[in-house]
Amino acid sequence: MHSLCLHLIAGSIASWDKGEFFLEVQTTSSAPLLERQPDPRRWLMLAVVQCATLMGVLDGFIVNIAAPSIEQQLHASFAEVQLVIAGYTLAYAVLLVTGGRLGDLYGRKRLFVLGVASFTLFSALCGLAPTAWLLIIFRIVQGVAAALMTPQVIAFIQVSFATAERPIAFGSYAAIAGLASVLGQVFGGFLLEANLFNLGWRSIFLVNVPIGIAALLCALPLLRESRLPGARNLDHGGVTLLSLSLFLLVFPLVLGGEIGWSLQVVLCLLLSVPCLIAFIAYENRMTRSGKLPLVSFSLFRQRYFPSGILTIILDSALADAVTFLLTFYLQTILQFTPLQAGLVFLATSASYILASSLSPLASRYLGKHCLLVAGALVLLGNLSVLLSAQFFVPRLGMPPCLWRSFSQESAWVH
2 MHSLCLHLIA
12 GSIASWDKGE
22 FFLEVQTTSS
32 APLLERQPDP
42 RRWLMLAVVQ
52 CATLMGVLDG
62 FIVNIAAPSI
72 EQQLHASFAE
82 VQLVIAGYTL
92 AYAVLLVTGG
102 RLGDLYGRKR
112 LFVLGVASFT
122 LFSALCGLAP
132 TAWLLIIFRI
142 VQGVAAALMT
152 PQVIAFIQVS
162 FATAERPIAF
172 GSYAAIAGLA
182 SVLGQVFGGF
192 LLEANLFNLG
202 WRSIFLVNVP
212 IGIAALLCAL
222 PLLRESRLPG
232 ARNLDHGGVT
242 LLSLSLFLLV
252 FPLVLGGEIG
262 WSLQVVLCLL
272 LSVPCLIAFI
282 AYENRMTRSG
292 KLPLVSFSLF
302 RQRYFPSGIL
312 TIILDSALAD
322 AVTFLLTFYL
332 QTILQFTPLQ
342 AGLVFLATSA
352 SYILASSLSP
362 LASRYLGKHC
372 LLVAGALVLL
382 GNLSVLLSAQ
392 FFVPRLGMPP
402 CLWRSFSQES
412 AWVH
């Protein structure tokens, strides 16, 4: 229910706009609408670019389910395993905006092909990594590749579909992300249990290779090239300030708990505030001078855009942390197999697909009240989980596997 309501909120924000700011939803710029005859192959092309969405989301979820196996087979520390996951997220977050702007400048098809090719290559290298630190390095570069290809998917929807078609296209984007989350948990657990060709955890990275190759072979002849008219130079000052700000913000939040909240880590977090202020001031000056900024702050004057950003931040911050910790809890403490642990997440992941499909319909009937209804359902869902835990845990008692472990330790002591 929690994931369903979050996606209803996001869907209502994206859909209830009467076509006024869909083009500015991408994190990179406010490119103008291309008033031209729609390409009759646009739905086929959408299926091709959605391969990037599938790989990007799949890779995040599938690594979570494989984290305990990576820790055991590579003899990695918990900090190193966390870096395998966090390194990808950090690189992706820092360079996502820049990746979108590069597509505006040098061509979205070109950046999409470059991103997919790089992502596929470094997926293969992750699957072949002999040490934990090489795996961390390959994952960071994989995050850079994801930051190049993912914004081009959003841009493609904006420039290829008419206003009336965009809610459906964006709904399919979210539905593919939900499908990938399901595959990441369940298919990832299946791959680990099946241990095909004795690859173990390596198969979770190598599965991206055939998807990436298929996407490349279809993208080259099918996709149209497009750029942002009037975009000539990259806003190097904006790129530098934003990348520095995001790194100083994300690095302590991701790794502070593991490496310790030392003075240097706290300083990084504090310095991110003046850096973000400097970035905003610099971008506003670029706008006033008539130049093209890296980020158009006119986005935030739209009534629903800030709400959508806040929803995504809360969703990612809470859901990703719970998924990472719950994966270790299920497999290490409760002794679940990877496939069983993946099935635990199935209901939550499936709700992403359901919510993505229902969000255009819900926003059409509920309009501006959709946000309030979905927020109330989120609170109700969380309260139901807490009440259920209070009711069932005392009655079910200790899980059997923990009871056996406790009994063996007691017998050894006596």
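For the sequence shown, my numbering assigns the number 2 to the initial residue and increments by one for each residue that follows.
Virtual Cβ for every residue (Gly too), placed ideally from N, Cα, C.
Short of 7 Å from the beta carbon of residue 295, and not among the five residues preceding or following it, lie these beta carbons of its own chain, in chain order: 98, 102, 236, 239, 240, 243 and 284.
Residue 75 and residue 133 do touch by the CB rule: their CB atoms are close to 5 Å apart, below 8 Å.
Per DSSP, the continuous alpha helix (DSSP H) segment holding residue 288 begins and ends at 264-289. Between residue 186 and residue 66, the C-beta spacing is below 8 Å. Under the 8 Å Cβ criterion, the segment 167-184 does not count as touching the segment 113-131, having fewer than three qualifying pairs.
For residue 141, same chain residues with a beta-carbon under 8 Å away, outside a window of 5 residues either side, are 88, 89, 91 and 92 in chain order. Residue environment analysis places residue 73 among the exposed positions, since fewer than 16 neighbouring C-beta atoms fall within 10 angstroms of its C-beta. The closest CA to that of residue 209, considering only 147, 100, 110 and 247, is found on 147. Comparing alpha carbon positions, the residue from 288, 281, 248 and 291 closest to residue 271 is 248. Between residue 152 and residue 189, the C-beta gap is not smaller than 8 Å, which leaves the two residues out of contact.
When only Cα atoms are considered, residue 126 and residue 374 end up about 46 Å apart.
Rounded to whole angstroms, the separation of the alpha carbons of residue 106 and residue 234 is 7 Å.
One Cα belongs to residue 293, the other to residue 194, and the distance between them is close to 51 Å. Between the alpha carbons of residue 315 and residue 45 lies a distance of about 33 Å. Following the DSSP letters along the chain, one finds residue 158 inside the alpha helix (DSSP H) bounded by residues 133-161. For residue 200, the secondary structure class from DSSP, reduced to helix, strand or coil, is coil.
For residue 278 and residue 94, the gap between their C-alpha atoms comes out near 18 Å. Within the same chain, and ignoring the five residues on either side of residue 118 in sequence, the residues whose Cβ sits closer than 7 Å to its Cβ are 217.
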